[in-house]
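Heads up: the structure comes next, in structure tokens.
Protein chains: 2
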Amino acid sequence: MRDLDREETYLVDRTGLALELRDLVGTGPVPGEAYPGPHAALGYGEGQFAALLSGLPDWGEEGTLFLLEGGYDLGEAAGMALLAETGRARVVRVGFRPGVEVHIPPSPLAPYRYLRFLLLATGREEVLRSVDEALLEERRRLGPEVPVEENPAKFLAYTLLERLPLFYSPLFRPLEGAVQTLFARVAKSLSLTPPPSALEFFLVGLEARHEQGDPLAAVLLGPGEEAALAKEILESRVDALAEVPATGANRLAQVMALWYRMAWTAYYLALLYGVDPGDHGLLERLREVT
Amino acid sequence: MRDLDREETYLVDRTGLALELRDLVGTGPVPGEAYPGPHAALGYGEGQFAALLSGLPDWGEEGTLFLLEGGYDLGEAAGMALLAETGRARVVRVGFRPGVEVHIPPSPLAPYRYLRFLLLATGREEVLRSVDEALLEERRRLGPEVPVEENPAKFLAYTLLERLPLFYSPLFRPLEGAVQTLFARVAKSLSLTPPPSALEFFLVGLEARHEQGDPLAAVLLGPGEEAALAKEILESRVDALAEVPATGANRLAQVMALWYRMAWTAYYLALLYGVDPGDHGLLERLREVT
Numbered sequence: 008m009r010d011l012d013r014e015e016t017y018l019v020d021r022t023g024l025a026l027e028l029r030d031l032v033g034t035g036p037v038p039g040e041a042y043p044g045p046h047a048a049l050g051y052g053e054g055q056f057a058a059l060l061s062g063l064p065d066w067g068e069e070g071t072l073f074l075l076e077g078g079y080d081l082g083e084a085a086g087m088a089l090l091a092e093t094g095r096a097r098v099v100r101v102g103f104r105p106g107v108e109v110h111i112p113p114s115p116l117a118p119y120r121y122l123r124f125l126l127l128a129t130g131r132e133e134v135l136r137s138v139d140e141a142l143l144e145e146r147r148r149l150g151p152e153v154p155v156e157e158n159p160a161k162f163l164a165y166t167l168l169e170r171l172p173l174f175y176s177p178l179f180r181p182l183e184g185a186v187q188t189l190f191a192r193v194a195k196s197l198s199l200t201p202p203p204s205a206l207e208f209f210l211v212g213l214e215a216r217h218e219q220g221d222p223l224a225a226v227l228l229g230p231g232e233e234a235a236l237a238k239e240i241l242e243s244r245v246d247a248l249a250e251v252p253a254t255g256a257n258r259l260a261q262v263m264a265l266w267y268r269m270a271w272t273a274y275y276l277a278l279l280y281g282v283d284p285g286d287h288g289l290l291e292r293l294r295e296v297t
Numbered sequence: 008m009r010d011l012d013r014e015e016t017y018l019v020d021r022t023g024l025a026l027e028l029r030d031l032v033g034t035g036p037v038p039g040e041a042y043p044g045p046h047a048a049l050g051y052g053e054g055q056f057a058a059l060l061s062g063l064p065d066w067g068e069e070g071t072l073f074l075l076e077g078g079y080d081l082g083e084a085a086g087m088a089l090l091a092e093t094g095r096a097r098v099v100r101v102g103f104r105p106g107v108e109v110h111i112p113p114s115p116l117a118p119y120r121y122l123r124f125l126l127l128a129t130g131r132e133e134v135l136r137s138v139d140e141a142l143l144e145e146r147r148r149l150g151p152e153v154p155v156e157e158n159p160a161k162f163l164a165y166t167l168l169e170r171l172p173l174f175y176s177p178l179f180r181p182l183e184g185a186v187q188t189l190f191a192r193v194a195k196s197l198s199l200t201p202p203p204s205a206l207e208f209f210l211v212g213l214e215a216r217h218e219q220g221d222p223l224a225a226v227l228l229g230p231g232e233e234a235a236l237a238k239e240i241l242e243s244r245v246d247a248l249a250e251v252p253a254t255g256a257n258r259l260a261q262v263m264a265l266w267y268r269m270a271w272t273a274y275y276l277a278l279l280y281g282v283d284p285g286d287h288g289l290l291e292r293l294r295e296v297t
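In the order they appear, the protein sequences are chains A and B. Numbering (the numbering used here) for the first sequence: 8 to 297. Numbering (the numbering used here) for the second sequence: 8 to 297.
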């Protein structure tokens with residue numbers, strides 16, 4: 008097994024994703040002006056999670072609509088821009104499509120940058136500060152220089168190795184898909200997310216195939232009564248169970264701290280599998296055709 | 008391997024789910040009165056999918072709010088009812104909680120009944136007719152009496168046996184979770200759904216573990232440009248790929264026809280695994296505590 012505390016393990020990281028992860032806080036574009044309210048945000052691809060997490064409505068008849076064009080929209084974002092521009096709302100296109108007003112290049116870590124821009128553009132600097140504090144707090148324990156005994160992301164990566172992760176976050180359910188995306192894109196790995204009725208799924212969905220298939224590793228992201236119930240149900244049904252506590256002054260900071268922890272975990276899992284955690288060349292082509 | 012064209016295979020169906028499946032169309036409560044508009048619907052548990060599919064807003068300040076109490080809400084539905092009752096909207100509680108105005112007992116097939124009630128209560132009889140027509144059309148080919156060569160649900164169940172299904176429906180993404188729930192509850196089986204950026208997930212998420220784990224079977228539900236792209240990407244990455252065409256006069260009918268086809272498929276998969284497709288006793292306890 009590869010050793011996350013040895014330098015040669017990091018040679019597969021050819022694009023230097025570790026540096027981007029370490030220096031993430033404070034990166035990304037800042038608004039150059041004040042945008043009239045009320046604000047709305049509609050997100051696609053890499054911008055979708057930030058739009059949901061911002062809590063802004065996804066459409067507005069007036070004020071400013073932030074259109075987060077993070078790819079994979081098959082022309083829908085452009086259509087929505089046209090539609091919005093016929094109304095009284097100002098449309099601010101953010102992302103990596105041609106002609107955007109605010110540019111955010113493709114990256115598995117772009118969700119942080121979309122969220123940061125949205126918080127600044129809507130005058131929520133306080134909330135951004137709490138997010139950044141939570142991420143900086145996490146960062147101290149998660150980097151390559153912190154040995155596995157003191158590094159929860161390294162530790163979790165070892166737990167997930169050779170297992171099929173199952174993510175559950177009653178705190179903010181869309182986090183599950185965001186983490187599934189991180190694991191696909193960074194660790195090149197398959198993972199599972201439950202349907203809306205998650206507890207029912209845990210209770211009855213693991214019978215027929217469980218014994219023959221991949222060993223499952225449940226990852227409970229954040230607190231909640233549902234997480235406690237899920238733990239009770241899953242303990243006897245999965246091969247391993249990990250609870251990831253949420254740190255942060257508010258829900259938004261907690262969710263982003265969990266997301267950041269899982270980004271590091273996906274990074275370490277890539278190293279353990281011996282695959283480059285950086286972006287796959289195929290993704291560029293997919294972004295072009297969609 | 009068990010044979011779906013032999014009677015003894017059906018002995019594990021102790022609760023007679025085949026009859027409930029066959030006779031589903033036209034079952035469930037009908038509204039006893041006219042409900043003032045505008046209408047809104049907020050759904051939990053078994054009612055969640057119908058609320059989304061109805062296209063109704065999930066909250067309204069006036070008119071009628073249909074609160075679909077299909078379980079697993081941990082008191083949230085009751086809280087929402089109290090909140091709504093302080094406003095000008097009338098609240099109609101539907102489901103299986105104590106004191107509901109319209110009763111729909113727990114069943115894996117309840118989503119149809121919640122949807123049917125909503126369509127009738129909001130004056131959309133025409134749409135319901137198109138849904139029912141699509142389901143009746145499906146039913147002719149899906150029952151136990153139709154042999155496997157002419158029965159697409161039986162055929163698909165054989166394809167999914169001993170594989171890990173991966174559901175994708177660009178037509179209506181919440182269908183994926185609804186089908187994942189059917190497979191858990193009826194077939195007692197694990198299945199996968201992709202995150203919002205599904206094509207990216209298909210392209211890069213199947214590398215690290217794919218060769219060692221369960222063989223994957225992708226199931227593309229319904230039409231669309233994304234479904235065609237997904238097929239192209241997945242063909243070389245999964246063990247089996249099935250395309251399920253959508254029949255029906257409109258999107259709602261198409262989605263429900265796909266859901267019904269997958270309910271039959273989950274039923275047959277349970278029989279192939281030799282498990283009772285009926286409800287697990289544990290679920291009743293879970294509904295009580297949540």
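Ideal Cβ positions, reconstructed from N, Cα and C, are used throughout, including at glycine.
Of the residues Leu74/A, Asp20/A, Tyr51/A and Ala235/A, which one's Cα is nearest the Cα of Glu108/A?
-> Counted from its first residue, the first sequence places residue 108/A at position 101. Looking at the Cα atoms, Leu74/A is the closest of the given residues.
Three-state class that DSSP yields for Val245/B in the structure shown = As a position in the second sequence, residue 245/B is number 238, starting the count at 1. Val245/B falls in the coil class under three-state DSSP.
Are the C-beta of Leu279/A and some C-beta of chain B separated by less than 7 Å?
-> On the first sequence, position 272 is the one that residue 279/A refers to. The beta carbon of Leu279/A sits no closer than 7 Å to any beta carbon of chain B.
Of the residues Val186/B, Thr129/B and Glu207/B, which one's Cα is nearest the Cα of Val262/B?
-> Working through the second sequence from its first residue, we reach residue 262/B at position 255. Nearest in C-alpha terms to Val262/B, of all of Val186/B, Thr129/B and Glu207/B, is Val186/B.
Can Pro202/A and Thr297/B be called in contact, C-beta distance under 7 Å?
-> As a position in the first sequence, residue 202/A is number 195, starting the count at 1. As a position in the second sequence, residue 297/B is number 290, starting the count at 1. Contact flag unset, no.
Which residues, in order along the region 187 to 199 of chain B, keep a beta-carbon less than 8 Å from a beta-carbon of chain A?
-> Within the region 187 to 199 of chain B, the residues whose Cβ lies closer than 8 Å to some Cβ of chain A are Gln187, Thr188, Phe190, Ala191, Arg192, Ala194, Lys195, Ser196, Leu197, Ser198 and Leu199, listed in chain order.
For the alpha helix (DSSP H) containing Thr188/A, list its first residue and its last residue.
-> Numbered from 1 along the first sequence, position 181 holds the residue referred to as residue 188/A. Counting along the chain, the alpha helix (DSSP H) containing Thr188/A begins and ends at Pro181 to Arg192.
Report the three-state DSSP secondary structure of Tyr175/B (helix, strand or coil).
-> Counting from one through the second sequence, the residue named residue 175/B turns up at place 168. Three-state DSSP puts Tyr175/B in a strand.
Could you have a look at Leu116/B and say whether DSSP puts it in helix, strand or coil?
-> Translated into positions along the second sequence, residue 116/B becomes position 109. DSSP places Leu116/B in the coil class of the three-state scheme, outside both helix and strand.
Per the contact definition of three or more C-beta pairs closer than 8 Å, is the region 144 to 158 of chain B in contact with the region 10 to 17 of chain B?
-> yes
If you follow the beta strand (DSSP E) that Pro76/A is part of, which residue opens it and which one closes it?
-> Residue mapping note: residue 76/A aligns to position 69 of the first sequence, counting from 1. Contrary to the premise, residue 76/A reads as Glu rather than Pro in this sequence. Looking at the DSSP string, the run of the beta strand (DSSP E) that includes Glu76/A is Thr71 to Gly77.
Figure out for me which residue from Gln55/B, Phe190/B, Arg123/B and Gly288/B has the closest Cα to the Cα of Trp271/B.
-> Walking along the second sequence from the start, residue 271/B turns up at place 264. Nearest option by C-alpha distance: Phe190/B.
Ranges of the beta strand (DSSP E) found wholly within the region 94 to 144 of chain B, counting only runs of at least 3 | 97 to 102
What's the gap between the Cα of Thr71/A and the Cα of Val32/A?
-> Along the first sequence, read from residue 1 onward, the residue named residue 71/A stands at position 64. Along the first sequence, read from residue 1 onward, the residue named residue 32/A stands at position 25. Going by the C-alpha atoms only, they are around 26 Å apart.
Interface residues of chain B facing Gln55/A [CB-CB closer than 8 Å] = Indexing the first sequence from 1 puts residue 55/A at position 48. For Gln55/A, the residues of chain B that pass the 8 Å Cβ criterion are Pro203 and Ser204, in the order they occur in the chain.
Taking a cut of 7 Å between CB atoms, which residues from the region 89 to 115 of chain A lie near chain B?
-> none
What residue range is occupied by the uninterrupted beta strand (DSSP E) comprising Ala225/B?
-> Residue numbering aside, residue 225/B sits at position 218 when the second sequence is read from its first letter. Per DSSP, the unbroken beta strand (DSSP E) holding Ala225/B starts and ends at Leu223 to Leu228.
Please classify Gly86/B: does DSSP put it in a helix, a strand, or coil?
-> By 1-based counting over the second sequence, the position of residue 86/B is 79. Note: Gly86/B maps to helix in three-state DSSP.
Does Phe208/A come within less than 7 Å of chain B when only Cβ atoms are used?
-> To locate residue 208/A, count along the first sequence from 1; it is residue 201. Yes, Phe208/A lies at the interface with chain B (some Cβ there is under 7 Å from its Cβ).
When the distance is taken between beta carbons, is Ala141/B closer than 7 Å to Ala194/B?
-> Working through the second sequence from its first residue, we reach residue 194/B at position 187. Working through the second sequence from its first residue, we reach residue 141/B at position 134. Contact flag unset, no.
With C-beta atoms as the reference, is Gly285/A less than 7 Å away from Leu24/A?
-> Here residue 285/A is taken as the residue at index 278 of the first sequence, counted from 1. Here residue 24/A is taken as the residue at index 17 of the first sequence, counted from 1. The Cβ atoms of Gly285/A and Leu24/A lie closer than 7 Å to each other.
Apart from the five residues on each side of it in sequence, which residues of its chain come closer than 6 Å, Cβ to Cβ, to Tyr119/A?
-> Mapped onto the first sequence, residue 119/A falls at position 112. Excluding residues within five positions, the ones whose Cβ falls inside 6 Å are Leu31.
Residue range of the unbroken beta strand (DSSP E) whose run includes Ala48/B | The residue you call residue 48/B lines up with position 41 of the second sequence. Unbroken beta strand (DSSP E) run through Ala48/B: His46 to Gly52.
Straight-line gap, Ala224/A to Leu199/B (C-alpha atoms, nearest Å) | One-based indexing of the first sequence puts residue 224/A at position 217. One-based indexing of the second sequence puts residue 199/B at position 192. Using only the alpha carbons, I get a separation of about 14 Å.
Taking the C-alpha atoms as reference points, what is the distance between Glu183/A and Asp12/B?
-> Numbered from its first residue, the first sequence carries residue 183/A at position 176. Numbered from its first residue, the second sequence carries residue 12/B at position 5. The straight-line gap from Cα to Cα measures roughly 40 Å.
Can you tell me whether DSSP reads Val251/B as helix, strand or coil?
-> What you label residue 251/B is simply residue 244 of the second sequence in a count that begins at 1. Residue state, collapsed to three classes: strand.
Check Leu210/A in the structure and name its three-state DSSP category.
-> Mapped onto the first sequence, residue 210/A falls at position 203. Here Leu210/A sits in helix by DSSP.
CB-CB under 7 Å to Val138/B, same chain, minus the five flanking residues each way: which ones, in chain order?
-> Residue 138/B sits at position 131 when you count from the first residue of the second sequence. Excluding residues within five positions, the ones whose Cβ falls inside 7 Å are Leu259, Ala260 and Met263.
Minimum C-alpha distance to Ser243/A - residue among Leu116/A, Glu40/A and Val211/A | As a first step, residue 243/A must be located in the first sequence, where it is residue number 236. Checking every option, the nearest Cα to that of Ser243/A belongs to Val211/A.
Cβ-based contacts, 7 Å cut-off: residues of the region 65 to 91 of chain B near chain A | Tyr79 and Leu81
Of the listed residues Leu171/B, Leu265/B and Pro113/B, nearest to Gly255/B (C-alpha basis) = Within the second sequence, residue 255/B is the residue found at index 248, counting from 1. The candidate whose alpha carbon is nearest that of Gly255/B is Leu265/B.
Given that Val211/A touches chain B, what residues does it touch there, using C-beta distances under 8 Å?
-> Here residue 211/A refers to the residue found at position 204 of the first sequence. Going along chain B in sequence order, the residues near Val211/A (Cβ under 8 Å) are Ala191, Arg192, Lys195, His287, Leu289 and Leu290.
Beta-carbon separation (whole angstroms), Ala48/A vs Leu63/A, contact threshold 8 Å = Along the first sequence, read from residue 1 onward, the residue named residue 48/A stands at position 41. Along the first sequence, read from residue 1 onward, the residue named residue 63/A stands at position 56. With 8 Å as the limit, Ala48/A and Leu63/A qualify as a contact, their Cβ atoms being about 4 Å apart.
Where Arg180/B and Leu278/A are concerned, what is the direct C-alpha to C-alpha distance, given to the nearest angstrom?
-> Position 173 of the second sequence, counted from the first residue, corresponds to residue 180/B. Position 271 of the first sequence, counted from the first residue, corresponds to residue 278/A. Their backbone Cα atoms lie some 32 Å apart in a straight line.
So, is the C-beta of Asp221/B closer than 7 Å to a C-beta in chain A?
-> If you number the second sequence from 1, residue 221/B lands on position 214. Yes, Asp221/B counts as interfacial toward chain A.
Tell me whether the beta-carbon of Glu145/A lies closer than 7 Å to the beta-carbon of Tyr267/A.
-> In the first sequence, residue 145/A corresponds to position 138, counting from 1. In the first sequence, residue 267/A corresponds to position 260, counting from 1. Going by C-beta atoms, Glu145/A is nearer than 7 Å to Tyr267/A.
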